[in-house]
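Chemist:
2 protein chains.
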Amino acid sequence: MTDVALSNLTACQAATEIARGAISAQDYTRACLARIEEVESEIQAFAHFDPAHAIAQARELDAHKARGGTLGPLHGIPVAIKDIIDTSDYPTEFGSPLFKDRRPFDDATIVAKLRSAGAVILGKTVTTEFAYFHPGKTRNPHDTARTPGGSSSGSAAAVASGMVPLAIGSQTNGSIIRPASFCGVFAIKPSHGLVSRHGVLTLSRALDHVGPFARTLEDLGLILETLAGFDPEDPDTRPIAVPPFRKAVTEKFPLEPRIAFVRTPIWDKADIATRTAFEGLAEALGPACYPVELPERYAEAWEAHRVVMASDMAHRFGALVDQRGDGVSSVLHDLVAEGRKVTATQYLAARDLAQSLAKGLNEIFEECNAIITPAAPGVAPIGHNSTGNPAFCSLWTLVGLPSISLPLLEGEGGMPLGVQLIGARNDDVRLFRTAKWLAEKITPKGKKRAKKS
Amino acid sequence: MTDVALSNLTACQAATEIARGAISAQDYTRACLARIEEVESEIQAFAHFDPAHAIAQARELDAHKARGGTLGPLHGIPVAIKDIIDTSDYPTEFGSPLFKDRRPFDDATIVAKLRSAGAVILGKTVTTEFAYFHPGKTRNPHDTARTPGGSSSGSAAAVASGMVPLAIGSQTNGSIIRPASFCGVFAIKPSHGLVSRHGVLTLSRALDHVGPFARTLEDLGLILETLAGFDPEDPDTRPIAVPPFRKAVTEKFPLEPRIAFVRTPIWDKADIATRTAFEGLAEALGPACYPVELPERYAEAWEAHRVVMASDMAHRFGALVDQRGDGVSSVLHDLVAEGRKVTATQYLAARDLAQSLAKGLNEIFEECNAIITPAAPGVAPIGHNSTGNPAFCSLWTLVGLPSISLPLLEGEGGMPLGVQLIGARNDDVRLFRTAKWLAEKITPKGKKRAKKS
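Order-wise, the sequence lines are chains A and B.
Counted the way my numbering counts, the first sequence spans residues 263 to 715.
Counted the way my numbering counts, the second sequence spans residues 263 to 715.
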């Protein structure tokens, strides 16, 4: 009765088929549930999901359509939500035993937006503890001996293994871009302030970003159009007209873009295979791509990121560590201790540096459409005690610039290796256009759905 | 030839007379210069002024009018600018010998706005050192043995003594409201983010506010309409339609307002005369005014304000104190040392408390139009080694709420005593309406221009 092959449809394809009545929301949701049934025991992407509740949502969406109701852009599309994002119908436990069975009363703003757009909230995906470094149970769908990356481990793995076409994650350091790279999917960390964080566990107001995962760029654009926009409850969002992200990736690029190849001051942290792959990629792009070296002070970005994150998280989690420290991982204990040693003037200097570095990057975007750089130092490491190194993301998170990971390269053992494109602040739509151009230019090797597909 | 009595005109009156051609911009400017000639040697409100340059500006404005040019709302009106606000045509020395003869290249945003509105930039007014506590040379026009208050000492004194109808000051703790109270003039510290601070010396992004002084509420509304509004260079301003402040004080109040009499947790810091005067005032207002007690945690506001100000100023002035400490006052040395001891988590907790206290006050404004409380613990103290106590302003500055000082009471020795009205955040226009209602209700005793008028 259920055709699991339907779960191969992209969100855009499924939305079209559902809208024209070729399939129902229930068909597509059941297909995703069937796929979950196939692979979840091995991947463990979900913290919570409830097939009956998912189907009930899909049934109501079908009934709404049958009544002649208006269809949202995500009508009948299952979406998985990282477990630090509040949902009124599923527990939200932050990946911490201290919050077991915590049930939010309200949806986060973005969850409410997804529901209004017709999405089926399929379940909650595994996060590292409080979206920091202590890993959850999820395995990498391309090789279960490896980490999926973190902290948005379950969202990346669920999309990569075809359990859902779309999922939501968050990034305070490298928690969207790194797992997207490790799991071989598309993902965007949008400009700081483009997507509301109201109802999402706060680690750091300055550094927290929310963004989606998808298996195609067009799907990524589709969901970002729903997620983006002003929310009076998130003081860092701005009243804007939401840009046409999906259109940006279906239109032809008006001009050949120019891409800055930025090795960054931590280039030697990338493994040799990655460095070679990116040197080759830059060369393959021809004169459209040329190396740009960042001024020396950009080397201070990693320390500044650390200072801001440690201080903000010590502020947020200090009382919890003091009161219920037994239930908190040692990495978080250490971070809180570190953050408590930072002085206010060190903190303010780090915030100032971030602003100044962001301004300096504008110069690049006057000449170039995007920066190209690795999404991670290499492919997903073997083992599950670590979620890998976020260093290739820290700078771009600190300055709040939008960045996309594209699964265009392959590294050691045929594992995916993400290409990171970074765009100008608040010009996420141009970044989408450039990503589309790049994706068409570079034929991905062995593009496939991971694990048994 | 020059009629010094013209300087008695309010800005609104003068603007009308100039617009209809009854007097010229030069006439009004010369009258102000003549008044300065009369009293400046005693008051010492100005750090810099240049009569020839002022008259040249007025002459150009008259020529513009003669050519049939459009007149701005402040056409021909002299305005004095606190000496921490950049002006391209006058030095801007921050009240510090270390910045003697510093000449900014550009106008601050608000100075450029004033020029576009037709104002004559008459000169720069005395500020305490870096707008902190070390006093400048200015005397109180009502009694030169007393402080005019600070840090906007010169702006308050220049308006109070009739040297200019309008002046600009700034407040990080009590630097607009306190000198307005001590000098017996109207002034507003607008909602945080209503008026741009680009080109104004930054003490603390969270606490800095810019606002005007005037001898009437209508004049205050007139100039605030020019000052208010979005500036992409000040990240705390918002795109808004500028409210009709002047109209708000010329229209009849639609309903009898309700006023919350808030003694604040530092009530016992007010002297007995002030406490008695305010108890009497609250009673005189009848049932429209009733006491509201703030919850206990509001007592923490003063410490939080201190933590934020000390940290932000240590961040801003630390390097200067280290490199050129001989030229810096001991109070600023002490503040920097204090700020450097604050930890990042203490700083972040203080910022959070400020947000939370601000939210809590919303409840009052659901019932009441404004809060009434003293602008200062008493009248201007005798002596010039201190600029008085800002404690009755700290809470309202910390939470970013708009506050107006109205010169409606008289204290010891016939000295002015300001009534402070505080409004809901971003509802400065309702605050103006309420201030107008209050000013009409209470007949000020002995309203007059200070000193020899």
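C-beta atoms are modelled at their ideal positions from N, C-alpha and C, and glycine is treated no differently.
1) Which residues of the segment 575–588 of chain B have a Cβ closer than 8 Å to any Cβ of chain A? Give them in chain order.
2) Would you call the CB atoms of B:Thr387 and B:Ser413 closer than 8 Å?
3) Quick one: list the residues of chain A neighbouring B:Ser573, beta-carbon separation under 7 Å, in chain order.
4) Going by the CB atoms, is the gap between B:Pro410 and B:Arg477 shorter than 8 Å?
5) Taking B:Gln682 as the reference, give the member of B:Cys655, B:Glu279 and B:His337 with the closest Cα.
6) Could you give the C-beta distance for B:Ala309 and B:Asp345, rounded to a whole number, given that I count them as a contact under 8 Å?
7) Are B:Val604 and B:Val569 touching if we call contact CB-CB under 8 Å?
8) Just how far apart, CA to CA, sit B:Met425 and B:Arg292?
9) Going by CA-CA distance only, name the one from B:Ala701, B:Val373 and B:Ser417 that's closest to B:Gly461.
10) Could you work out which residue in A:Pro519, A:Gly640 and A:Ser378 is closest to A:Ala701 when comparing CA atoms only?
11) Quick check: what's the CA-CA separation for A:Gly622 versus A:Gly650?
12) Establish whether the CB of B:Gly622 and some CB of chain A are separated by less than 8 Å.
13) Jot down the residue ranges of each uninterrupted alpha helix (DSSP H) in the segment 463–515 of chain A, minimum 4 residues, whole runs only, in chain order.
14) Taking only beta-carbon positions, decide if A:Gly601 is within less than 8 Å of chain B.
15) Excluding the 5 residues preceding and the 5 following A:Val590 in the sequence, name in chain order all residues of the same chain whose CB lies nearer than 6 Å to its CB.
16) In angstroms, rounded to a whole number, what distance separates the CA positions of B:Ser417 and B:Ala697?
17) Enumerate in chain order the residues of its own chain whose CB-to-CB distance from B:Ser648 is below 8 Å, with the five nearest sequence positions on each side excluded.
18) State yes or no: is the C-beta of B:Glu480 within less than 8 Å of the C-beta of B:Val504?
19) Can you give the Cα-Cα distance for B:His326 and B:Gly673, rounded to whole angstroms?
20) Taking the continuous alpha helix (DSSP H) assigned at B:Val301, which residues delimit it?
21) CB-CB under 6 Å to B:Trp699, same chain, minus the five flanking residues each way: which ones, in chain order?
22) Hey, is the segment 318–325 of chain B in contact with the segment 443–454 of chain B, meaning 3+ C-beta pairs nearer than 8 Å?
23) Rounded to the nearest angstrom, what separates A:Phe392 and A:Ser358 at their Cα positions?
24) Looking at the unbroken alpha helix (DSSP H) that takes in B:Leu615, where does it start and where does it end?
25) With DSSP as the reference, identify every bridge partner of A:Cys551, one or two as the case may be.
26) For A:Ala314, which of A:Ser303, A:Gly331, A:Arg329 and A:Leu295 has the nearest alpha-carbon?
27) Using the DSSP secondary-structure output, state which residues sit across from A:Phe311 in a beta bridge.
28) Can you list, in chain order, the stretches of the beta strand (DSSP E) that have 3 or more residues and sit fully within the segment 427–460 of chain A?
29) Could you tell me the boundaries of the alpha helix (DSSP H) in which A:Thr659 lies?
30) Quick check: what's the CA-CA separation for A:Gly640 versus A:Ala535?
31) By a C-beta neighbour count over all protein chains shown, 10 Å radius and 16 as the cutoff for buried, is A:Thr332 buried or exposed?
32) So what does DSSP say about A:Ala686, is it helix, strand or coil?
33) Could you give the distance in angstroms between the alpha-carbon of A:Asn688 and the alpha-carbon of B:Ile704?
34) Helix, strand or coil for A:Val266? Go by DSSP, reduced to three states.
Modeler: According to the structure data:
1) Ala576, His577 and Gly580
2) no
3) Ala606, Thr607 and Leu610
4) no
5) B:Cys655
6) 4 Å
7) yes
8) 11 Å
9) B:Val373
10) Of the listed residues, the one whose Cα sits closest to A:Ala701 is A:Pro519.
11) 29 Å
12) no
13) 479–489 and 507–512
14) yes
15) Val583
16) 21 Å
17) Phe395, Pro397 and Thr409
18) no
19) 46 Å
20) Where B:Val301 is concerned, the enclosing alpha helix (DSSP H) stretches over Ala287 to Ile305.
21) Phe515 and Pro519
22) Below 8 Å, too few C-beta pairs join the segment 318–325 of chain B and the segment 443–454 of chain B to call them touching: fewer than three.
23) 7 Å
24) Ala606 to Glu629
25) A:Ile521
26) Selected option, being the one with the closest Cα: A:Leu295.
27) A:Gly385
28) 428–433 and 448–451
29) Ala653 to Leu660
30) 7 Å
31) exposed
32) coil
33) 51 Å
34) helix
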